[in-house]
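So the number in our numbering is just where the residue sits in the sequence shown, counting from 1, plus 203.
The C-beta atom is built at its ideal place from N, Cα and C for all residues, glycine as well.
Keep in mind the model is a prediction, meaning the values are calculated, not measured.
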Amino acid sequence: MTDSKIYLSPPHMTGNEQKYIKEAFDSNWIAPVGKNIDLFEQDIAHYVGAKGAVAVSSGTAAIHLALSLLGVEKGDTVFCSSLTFVASANPILYQGADPVFIDSEPESWNMSPQALERALVEAKKEDKLPKAIIVVHLYGQPANLNDIMGLSEAYDVPVVEDAAESLGSTYQKQMTGSIGKFGVFSFNGNKIITTSGGGALVSDDLEALDRARFLATQARDPAIHYQHSQLGFNYRLSNILAGIGRAQMEVIEERVQKRKEVFEVYKRALSEYVDFQCNDQRERSLCRENRWLTAFTCVESLEPLKIIEHLREQNIEARPVWKPLHLQPLFEKYKYYSHSIVENVSEEIFRSGLCLPSGSSLSKEDQVKVINILLKNLRKESLIEEIV
204 MTDSKIYLSP
214 PHMTGNEQKY
224 IKEAFDSNWI
234 APVGKNIDLF
244 EQDIAHYVGA
254 KGAVAVSSGT
264 AAIHLALSLL
274 GVEKGDTVFC
284 SSLTFVASAN
294 PILYQGADPV
304 FIDSEPESWN
314 MSPQALERAL
324 VEAKKEDKLP
334 KAIIVVHLYG
344 QPANLNDIMG
354 LSEAYDVPVV
364 EDAAESLGST
374 YQKQMTGSIG
384 KFGVFSFNGN
394 KIITTSGGGA
404 LVSDDLEALD
414 RARFLATQAR
424 DPAIHYQHSQ
434 LGFNYRLSNI
444 LAGIGRAQME
454 VIEERVQKRK
464 EVFEVYKRAL
474 SEYVDFQCND
484 QRERSLCREN
494 RWLTAFTCVE
504 SLEPLKIIEH
514 LREQNIEARP
524 VWKPLHLQPL
534 FEKYKYYSHS
544 IVENVSEEIF
554 RSGLCLPSGS
564 SLSKEDQVKV
574 INILLKNLRK
584 ESLIEEIV
């Protein structure tokens with residue numbers, strides 16, 4: 204970035220991207236086919252421990268393809284995390300199906316197994332089990348997959364892992380995105396690595412991935428003329444953007460480590476005053492969080508929107524946490540299952556949550572500036588001079 208603004212999660216280039224972009228131009232393979240795409244897909248699959256990957260235009264496209272592959276259609280239901288970005292649920296509507304939203308658990312902010320089980324029990328009684336469960340790993344924090352996958356198996360409902368924010372995170376030593384039937388990643392400009400815009404679908408089902416490639420290239424039949432017997436989509440990633448992705452994959456572990464360091468600095472400076480999104484209540488060996496964004500909830504006396512405005516006045520970008528989807532006008536008519544009868548976790552997180560600048564290119568000086576503004580808002584006189 205050329206300006207002095209401190210961004211929430213800006214792109215962080217390696218300098219090696221131009222090499223792969225030049226290769227695409229030199230070979231004249233700039234369309235959605237070519238060496239960069241093939242090798243980028245191999246890099247992704249190898250890194251997350253899946254048998255294959257399909258590079259597509261966005262994480263949203265990858266979710267849409269996953270639902271198409273699972274046969275989701277009009278009249279079906281799909282269960283989905285509520286505390287997430289709208290892109291997690293929009294593809295359900297693309298397929299003409301109905302979303303059912305599931306609240307968060309307090310520990311991880313992700314899908315509550317308790318609420319999910321109530322929803323599945325009720326759906327089974329009505330003989331209307333969902334075609335899929337979309338589980339989001341929010342802000343890079345792995346969901347409670349042990350319980351969720353157990354329910355998936357018990358009710359024979361496949362899981363789509365929306366790992367758009369969690370590339371590099373692990374659950375019980377497995378990469379997020381590699382545990383469900385399908386995994387989805389995003390390489391948008393604000394993600395832990397980027398292709399400027401793009402995404403990927405991963406799976407161990409190579410036959411399904413071959414069909415995903417077919418659907419993602421307008422479902423063109425194998426004929427010399429342009430013939431189409433099925434509905435397809437224009438979802439493939441370009442060879443140029445895949446070149447950016449190849450360079451980014453070379454530094455994914457460095458990016459994860461840097462974001463974790465940023466999180467730890469915030470935690471040391473602020474944890475006395477706020478509750479961070481971290482699973483200290485769970486075994487530390489259970490998960491590795493990529494810490495895509497540092498997020499926390501404020502005490503009742505603090506107002507996140509006022510803090511965000513104070514940071515904005517200093518040219519610093521901060522954001523509220525995602526507004527739960529069951530509160531969105533687009534989805535207000537659909538079912539929602541809270542964590543418990545008396546506890547609505549996602550709504551409370553939304554009211555009190557705040558996301559801080561967390562980029563892997565965030566300088567120590569800029570992080571000190573952010574922390575000191577926050578400490579002033581916390582009415583604390585003891586500011587910090589440097590990060591130690």
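Exercise for the section: Drop a sphere of 10 angstroms on the beta-carbon of E456, count the other beta-carbons inside from all chains shown, and report buried for 16 or more, exposed for fewer. Expected result: Along the sequence shown, one-based indexing puts residue 456 at 253. Label assigned to E456: exposed.
Problem - I351 and V338 closer than 8 Å at C-beta - result: Here residue 351 refers to the residue found at position 148 when the sequence shown is read from its first residue. Here residue 338 refers to the residue found at position 135 when the sequence shown is read from its first residue. For I351 and V338, yes; Cβs fall inside 8 Å.
Practice task
Have a look at I511 and V524 and give me their C-alpha separation to the nearest angstrom.
Solution key: Translated into positions along the sequence shown, residue 511 becomes position 308. Translated into positions along the sequence shown, residue 524 becomes position 321. The straight-line gap from Cα to Cα measures roughly 11 Å.
Exercise for the section: Can you tell me the Cβ-Cβ gap for G401 and L444, rounded? I've got them flagged as a contact below 8 Å. Expected result: Position 198 of the sequence shown, counted from the first residue, corresponds to residue 401. Position 241 of the sequence shown, counted from the first residue, corresponds to residue 444. That pair is a contact at about 5 Å.
Handout entry: Candidates V281, T373, S504, of which the one nearest P294 by Cα
Key = Translated into positions along the sequence shown, residue 294 becomes position 91. Closest by alpha carbon: V281.
Exercise for the section: Out of N575, G255, S564, point me to the one whose CA is closest to S406's CA. Expected result: What you label residue 406 is simply residue 203 of the sequence shown in a count that begins at 1. Among N575, G255, S564, the Cα nearest to that of S406 is on G255.
Exercise for the section: Could you have a look at Y201 and say whether DSSP puts it in helix, strand or coil? Expected result: Outside the modelled stretch of the chain, which goes from 204 to 591, sits residue 201, for which no answer is possible.
Practice task
Tell me whether the beta-carbon of Y210 lies closer than 8 Å to the beta-carbon of M452.
Solution key: Here residue 210 is taken as the residue at index 7 of the sequence shown, counted from 1. Here residue 452 is taken as the residue at index 249 of the sequence shown, counted from 1. No; because the gap between Cβ atoms is not below 8 Å, this pair is not in contact.
Handout entry: For V387, the three-state DSSP class (helix, strand or coil)
Key = Within the sequence shown, residue 387 is the residue found at index 184, counting from 1. In this structure, V387 counts as strand in the three-state DSSP scheme.
Problem - Sufficient close CB pairs (3 or more, under 8 Å) joining the region 257–266 to the region 416–430 - result: yes
Problem - Residue range of the beta strand (DSSP E) that includes P302 - result: The count along the sequence shown starts at 1 and reaches residue 302 at position 99. Here the beta strand (DSSP E) through P302 covers 301–305.
Practice task
Pull up the CB-CB distance for F390 and G448, whole angstroms please, since I reckon it's below 8 Å.
Solution key: Locating residue 390 in the sequence shown gives position 187, counting from the first residue. Locating residue 448 in the sequence shown gives position 245, counting from the first residue. Between G448 and F390 the Cβ distance is about 6 Å, and since that is below 8 Å, they are a contact.
Problem - Range covered by the alpha helix (DSSP H) that runs through G353 - result: Sequence index remark: in the sequence shown, residue 353 carries index 150 (1-based). Start and end: 348–358.
Practice task
Can you have a look at M204 and say buried or exposed, based on whether 16 or more other CB atoms are within 10 angstroms of its CB?
Solution key: In the sequence shown, the residue the question calls residue 204 occupies position 1. Bear in mind that the predicted position of M204 carries a pLDDT of just 45, short of 50, making it too unreliable to give a figure here.
Practice task
State yes or no: is the C-beta of V465 within less than 8 Å of the C-beta of T497?
Solution key: Residue 465 sits at position 262 when you count from the first residue of the sequence shown. Residue 497 sits at position 294 when you count from the first residue of the sequence shown. Against a cut-off of 8 Å, the Cβ pair of T497 and V465 comes out as a contact.
Exercise for the section: Could you say if the region 503–510 and the region 537–546 meet the contact criterion of at least three C-beta pairs nearer than 8 Å? Expected result: Here the region 503–510 does not lie against the region 537–546, with fewer than 3 beta-carbon pairs under 8 Å apart.
Problem - I574: first and last residue of the uninterrupted alpha helix (DSSP H) it sits in - result: Your numbering for residue 574 matches position 371 in the sequence shown. 567–580 is the extent of the alpha helix (DSSP H) around I574.
Problem - Alpha-carbon spacing of E492 relative to F436, whole angstroms - result: Mapped onto the sequence shown, residue 492 falls at position 289. Mapped onto the sequence shown, residue 436 falls at position 233. Those two C-alpha atoms are separated by around 33 Å.
Exercise for the section: Please list the segments of the beta strand (DSSP E) lying wholly inside the region 462–527, counting only runs of 3 or more residues, in order along the chain. Expected result: 497–500
Practice task
Leaving out five residues on either side along the sequence, give the residues of the same chain with a beta carbon under 7 Å from the beta carbon of S207.
Solution key: Residue mapping note: residue 207 aligns to position 4 of the sequence shown, counting from 1. Excluding its 5 nearest sequence neighbours in each direction, S207 has C-beta neighbours in its own chain below 7 Å: N518, listed in chain order.
Problem - Assigned secondary structure, Y537 (DSSP; H/G/I helix, E/B strand, else coil) - result: As a position in the sequence shown, residue 537 is number 334, starting the count at 1. Three-state result, Y537: coil.
Exercise for the section: With a floor of 4 residues, list each alpha helix (DSSP H) that falls wholly inside the region 398–458, ordered by position along the chain. Expected result: 409–419, 442–452
Exercise for the section: Pull up the CB-CB distance for H215 and S563, whole angstroms please, since I reckon it's below 8 Å. Expected result: Your numbering for residue 215 matches position 12 in the sequence shown. Your numbering for residue 563 matches position 360 in the sequence shown. So it is a contact: roughly 5 Å between Cβ atoms.
Handout entry: Q484 versus G218 - alpha carbon distance
Key = Sequence index remark: in the sequence shown, residue 484 carries index 281 (1-based). Sequence index remark: in the sequence shown, residue 218 carries index 15 (1-based). At Q484 the pLDDT is 44, less than 50, meaning the model places this residue with poor confidence; the figure from the coordinates comes in the next sentence. Approximately 40 Å between the Cα atoms of the pair.
Handout entry: Contact belief for L270 with A335 at Cβ below 8 Å, rounded distance in angstroms
Key = Looking up residue 270 in the sequence shown gives position 67. Looking up residue 335 in the sequence shown gives position 132. About 6 Å separates the beta carbon of L270 from that of A335, a gap short enough to meet the 8 Å contact definition.
Exercise for the section: Ignore the nearest five residues each way along the sequence and tell me which others in V236's own chain have a CB closer than 7 Å to its CB. Expected result: Taking the first residue of the sequence shown as 1, we reach residue 236 at position 33. Around V236: N442.
Exercise for the section: Please classify V236: does DSSP put it in a helix, a strand, or coil? Expected result: Along the sequence shown, one-based indexing puts residue 236 at 33. Three-state result, V236: coil.
Handout entry: Residue closest to K376, alpha-carbon to alpha-carbon, out of A367, P345, Q430
Key = As a working mapping, residue 376 is identified with position 173 in the sequence shown. Comparing Cα-Cα distances from K376 to each of A367, P345, Q430, the minimum goes to P345.
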